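Just below is one structure, and these are the notes that go with it.
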Amino acid sequence: MMLAMAAFAVEDMLIKAAAGSVSTGFVLALFGLGGTLVFSLLCFRQRESLLHPALLSTPILIRAVCEVVGRLFFVLAITLSSLSSASTILQATPLVVVLGAALLFNEQVGLRRWLAIVLGFVGVLLVIRPGLGSFEPASILAVIGMVGFAGRDLATRAAPSELSNRQLGVYGFFILIPTGVGLHLYNGQPVLLDSATAGLIGAAVVCGVVAYNALTIAMRTGEVSVVAPFRYTRLIFALILAALFFAERPDVATLAGGLIIVLSGGYTLIYNRKLAAGSVKPI
């Protein structure tokens, strides 16, 4: 899980760096193309069909829409705002997943977890600070991206079991190709791709595939309630990379908001673990 989070953080850093030279849509399209090719090869190796009948099932279609929303708006967030603040807001994803599970799947969420969810959203407000002079409008993009990723995770839970993670990887990356092309055409920017930028995008694809596979292994071979809290190491890696490569220095409010989000989300995950083990009663 920690390897996955480190790779995701490096992927974000590489995409932000590449977007400084070419359009965000072009970066997104190339990133989607690279991921699609890699996961397609993995499917061919396992003799899995790319055009599975379940491809047109409702959960997969919803997952594709959420993937587009999550990827598109988060990439826009990290290119138009600071990597540290966007990554901090992203840490609220597990809380939104818990909220969505309660509303969509009728999962029981007690008072303690509701309070943790509310506290986590307070942390998000501390980071974006709406209505204040330090408010950064691009932070809203990170919030929308975070909601998109949460929707993707919820849709994945409802996805047909006969689809492998490799097939889901193909569908998830493929949908980014037309999304990126459409965004690029809408902006009307010329394509000026040099070898350095191509290298950054290629490295981002490698990191994305490594992260996806490491995350899958962690979630399938480890106890979910044990490994899930290590998702928050992504914030540590992101803050380090933002400081080293973009000279970002998050202010006290951003750090405080991030701490509140991590503590509330971590508490929720740990409480879920104890609840599943029967050591606590739903409250």
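For what it's worth, UniProt numbering labels the leading residue of the sequence shown as 1, then goes sequentially.
Cβ atoms here follow ideal geometry from the backbone N, Cα and C, with glycine treated the same way.
Keep in mind it's a predicted model, so treat the numbers as computed, not measured.
Checklist entry - Can you tell which of P160, G151, S49, R231 has the C-alpha that lies nearest to the C-alpha of V98? => result Of the residues P160, G151, S49, R231, the one whose Cα lies closest to the Cα of V98 is G151.
Item to check | CB-CB length for V191 against F26, believed under 8 angstroms | outcome: 6 angstroms
Checklist entry - For residue 286, which residues from the same chain have a beta carbon less than 6 angstroms from its beta carbon, with the 5 sequence-adjacent residues on both sides left out? => result Absent from the model: residue 286. The displayed extent of the chain is 1 to 283, so no value can be given.
Checklist entry - Rounded to the nearest angstrom, how far is the Cβ of A4 from that of R63, given a contact under 8 angstroms? => result 19 angstroms between Cβ atoms; not a contact.
Item to check | Where A17 falls, given that 16 or more other Cβ within 10 Å makes a residue buried | outcome: buried
Next on the checklist: Report the CB separation of L235 from G258 in whole angstroms; it is logged as a contact under 8 angstroms.
Outcome noted: Right, their Cβ atoms sit about 6 angstroms apart.
Checklist entry - Between L95 and the ligand NAD, is the CB less than 7 angstroms from at least one heavy atom? => result The ligand content of the structure shown is nil, which means the ligand NAD is not present either.
Checklist entry - Which residues in the same chain have their Cβ closer than 8 angstroms to the Cβ of I260, if we skip the five residues on either side of it in sequence? => result L119, G120, V122, G123, L126
Checklist entry - Going straight from the alpha carbon of V96 to that of L14, what length do you get? => result 27 angstroms
Item to check | Sequence-distant residues of the same chain with beta carbon closer than 6 angstroms to V109, five excluded per side | outcome: A102
Item to check | Beta-carbon spacing of Y212, L55 below 8 angstroms | outcome: Against a cut-off of 8 angstroms, the Cβ pair of L55 and Y212 comes out as no contact.
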